[in-house]
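Peer 1: Numbering (our numbering), first residue to last: 5 to 341. Here it is, the structure, as structure tokens.
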């Protein structure tokens, strides 16, 4: 090929590249406009009052029912850890599928009706704009503050899924009797490292554990790993080998500061006062114990790692842009003609 031909081809290539570049840039810009992903203050133009309304509703509900804050905190874990942060947890059962919230793994989850209360308040201001998945995440953020925990700036822009994931919960949610290796692996799969796992389990600083989850550590024989000073209280609260399912029998996770998200949990588990097997393992496993000790000494360190872990959890594989939908009611998918 002659020099002139090569020169012509080079000029042609440059011309094509320069003509295509604006098209690529334009397409990229259109994609960003239609799907900006998760961003801070996503509703600043479409519903400027959204986050304030959610925060106000969380405060009002917490004032009337203190245990709502525990629910908000559990919701973000049970929803976002299972494939996607898309409010699939909130869906009711249908004739075709069981809801996530009605499975055994979701035992003790409650107060879903109050999320409907928040959704209704937001809908009055901005109908069809704010997703249930963003409401779930933001109510968790504001619930954490109600419990004395850190304020965690979280991005929004999630959309709602259209299916329950009840059949795969076991693949994603670690059980309270799982080995520490399984717990660490499950969280690692969504990007949360060991100190993040230790911090997330610090949520056990608040709320309560139902006796049905504890009796295997008390009967027929008391687990020798339990602190004897704590056993008497546990036996008093859980007197039955098989707890009555209709009776609400439970032990407070932290008898010292049961309504405050703080680092007292870590001091308790180092003193063998952890209620669940996972609490005990956290304090004794060589991979996690150093972080337990560090968080027992420093609440600032606990809050820093907790905030980082919650942020990662809240951004797990969200639906954004045109994926999913904005549910009119959080418990049912929208009807499509």
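Positions of the beta carbon are idealized from the N, C-alpha and C atoms, including for glycine.
Whole angstroms is fine: what's the gap from residue 212's alpha carbon to residue 338's?
Peer 2: Rounded to whole angstroms, residue 212 to residue 338 spans 35 Å at the Cα level.
Peer 1: Specify whether the region 140-160 and the region 50-70 touch according to this definition: at least 3 beta carbon pairs, one from each stretch, less than 8 Å apart.
Peer 2: Short answer: they touch.
Peer 1: Under a three-way DSSP split, which group does residue 236 fall into?
Peer 2: If DSSP states are grouped into helix, strand and coil, residue 236 belongs with the helices.
Peer 1: Check whether the Cβ atoms of residue 323 and residue 137 lie closer than 9 Å to each other.
Peer 2: Yes, they are a contact pair.
Peer 1: Helix, strand or coil for residue 99, going by three-state DSSP, please let me know.
Peer 2: Three-state result, residue 99: coil.
Peer 1: So, residue 280 versus residue 217, is the Cβ gap smaller than 9 Å?
Peer 2: Against a cut-off of 9 Å, the Cβ pair of residue 217 and residue 280 comes out as a contact.
Peer 1: Could you give the distance in angstroms between the alpha-carbon of residue 232 and the alpha-carbon of residue 160?
Peer 2: Their backbone Cα atoms lie some 46 Å apart in a straight line.
Peer 1: From residue 287 to residue 88, what distance separates their C-alpha atoms?
Peer 2: Distance between the alpha carbons of residue 287 and residue 88: 29 Å.
Peer 1: Between the beta-carbon of residue 282 and the beta-carbon of residue 182, is there less than 9 Å?
Peer 2: Cβ distance < 9 Å, so residue 282 and residue 182 count as in contact.
Peer 1: Is residue 292 helix, strand or coil when you go by DSSP?
Peer 2: Coil, per DSSP.
Peer 1: For residue 111, count the other beta carbons within 10 Å of its own beta carbon; 16 or more makes it buried, fewer makes it exposed. Which is it?
Peer 2: Its Cβ having fewer than 16 others within 10 Å, residue 111 is exposed.
Peer 1: What separation, rounded to the nearest whole angstrom, lies between the Cα atoms of residue 321 and residue 305?
Peer 2: Each residue's alpha carbon lies about 27 Å from the other.
Peer 1: What residue range does the beta strand (DSSP E) around residue 214 cover?
Peer 2: Residue 214 -> beta strand (DSSP E) spans 212-214.
Peer 1: Rounded to the nearest angstrom, what separates residue 139 and residue 194 at their Cα positions?
Peer 2: Near 21 Å, if we compare the C-alpha coordinates of residue 194 and residue 139.
Peer 1: Among residues of its own chain, excluding the 5 on either side of residue 270, which ones have a beta-carbon nearer than 6 Å to its beta-carbon?
Peer 2: Closer than 6 Å at the Cβ level, and outside the excluded window around residue 270, lie 296, 299 and 300.
Peer 1: Taking C-alpha atoms, which residue in 272, 252 and 247 lies nearest to residue 258?
Peer 2: Taking only the C-alpha atoms, the option nearest residue 258 is 272.
Peer 1: Below 8 Å on the Cβ atoms is my guess for residue 170 versus residue 239; work out the distance and round it to an integer in Å.
Peer 2: At roughly 34 Å, the Cβ-Cβ gap does not stay under 8 Å, so residue 170 and residue 239 are not in contact.
Peer 1: Taking DSSP's pairing of strands, which residues face residue 333 in a bridge?
Peer 2: Answer is 336, bridged to residue 333.
Peer 1: Considering only the beta carbon of each residue, do residue 325 and residue 163 sit closer than 9 Å?
Peer 2: Going by C-beta atoms, residue 325 is nearer than 9 Å to residue 163.
Peer 1: Could you say which of 180, 115 and 97 lies nearest to residue 68 if we only look at CA atoms?
Peer 2: For residue 68, the nearest C-alpha among the options comes from 115.
Peer 1: Taking all protein chains shown into account, decide if residue 34 is buried (16 or more other Cβ within 10 angstroms of its Cβ) or exposed.
Peer 2: Unreliable placement is indicated for residue 34, whose pLDDT of 48 sits below 50; no coordinate value is reported for it.
Peer 1: What residue range is occupied by the uninterrupted alpha helix (DSSP H) comprising residue 128?
Peer 2: First-last of the alpha helix (DSSP H) with residue 128: 116-129.
Peer 1: If you check the beta carbons only, do residue 82 and residue 177 fall under 9 Å apart?
Peer 2: In this structure, residue 177 lies closer than 9 Å to residue 82 by Cβ.
Peer 1: Taking 6 Å as the limit between beta carbons, can you name the residues of its chain near residue 149, skipping five residues before and five after?
Peer 2: Only 155 meet the Cβ criterion.
Peer 1: Taking the beta carbon of residue 220 as the centre, do at least 16 other beta carbons fall within 10 Å, making it buried, or is it exposed?
Peer 2: With fewer than 16 other Cβ atoms within 10 Å, it is exposed.
Peer 1: Have a look at 224, 253 and 93 and flag the residue whose alpha-carbon is nearest the alpha-carbon of residue 237.
Peer 2: Among 224, 253 and 93, the Cα nearest to that of residue 237 is on 253.
Peer 1: Within a Cβ cutoff of 8 Å, which residues of the same chain sit near residue 261, ignoring the five residues on either side of it in sequence?
Peer 2: Contacts found: 209 and 268.
Peer 1: Could you give the distance in angstroms between the alpha-carbon of residue 91 and the alpha-carbon of residue 85?
Peer 2: So the alpha carbons of these two residues sit roughly 11 Å apart.
Peer 1: Could you tell me which residues DSSP pairs with residue 160 in its beta bridges?
Peer 2: Note: residue 160 sits in a beta bridge opposite 43.
Peer 1: Give me the Cα-Cα distance between residue 222 and residue 308, rounded to the nearest whole angstrom.
Peer 2: Each residue's Cα considered, the two are about 35 Å apart.
Peer 1: Assuming the contact rule is C-beta atoms closer than 8 Å, residue 204 and residue 196 should be a hit. Round their C-beta distance to whole Å, please.
Peer 2: The pair is a contact, with the Cβ atoms about 7 Å apart (cut-off 8 Å).
Peer 1: DSSP three-state call for residue 254: helix, strand or coil?
Peer 2: Strand at residue 254.
Peer 1: Rounded to whole angstroms, what is the Cα-Cα separation between residue 123 and residue 291?
Peer 2: Taking the straight line from one Cα to the other gives about 41 Å.
Peer 1: Are residue 230 and residue 277 closer than 9 Å when you measure CB to CB?
Peer 2: Closer than 9 Å, so yes.
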